[in-house]
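A.B. asks: Dropping the structure in here first, questions after.
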Amino acid sequence: MQVSILLELKKDEKMFQLLKENSYWIKELNRSPTNYKRYKENMKIKYRLRATDKISDAIDNIDIISNVLNALK
């Protein structure tokens, strides 16, 4: 694995955690550094870090708060 990729992985705790949980990625990243982009997308999907996931979570939170406020009326 290239040193630059390894440093990027160690900077971000979630990326490093995913690497520990799914060790097959070590093999993929060793084979080709271009797999780093796929790895990063996979991490965003697993930990719900995409913009659409964040918007969906915010809408869910707003729904919960409005339901609680309606129940208190």
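Residue numbering for the sequence shown is -12 to 60, as defined by my numbering.
A virtual CB, placed ideally from N, CA and C, is assigned to each residue, including glycine.
These numbers were taken from a predicted model, which means no experiment stands behind them.
1) Taking one C-beta from the stretch 20 to 31 and one from the stretch -6 to 7 each time, how about it: are there three or more such pairs within less than 8 angstroms?
2) When the Cα atoms are used, what is the spatial distance from GLN(-11) to ILE49?
3) Look at the alpha carbon of LYS78 and the alpha carbon of ASP47, and state the distance between them as a whole number of angstroms.
4) Please go through the same chain and pick out, in chain order, the residues whose beta-carbon is closer than 6 angstroms to the beta-carbon of ASN22, but skip the five residues on each side of it.
5) Report the rounded CA-to-CA distance for GLU(-5) versus SER53, giving the unit in angstroms.
C.D. replies: On the basis of the coordinates in this document:
1) The stretch 20 to 31 vs the stretch -6 to 7: in contact.
2) Looking at the two C-alpha atoms, the distance is approximately 43 angstroms.
3) No answer is possible for residue 78: it lies beyond the span of the chain, which begins at -12 and ends at 60.
4) Cβ within range, chain order: GLU15, LEU16.
5) GLU(-5) and SER53 have their C-alpha atoms roughly 40 angstroms apart.
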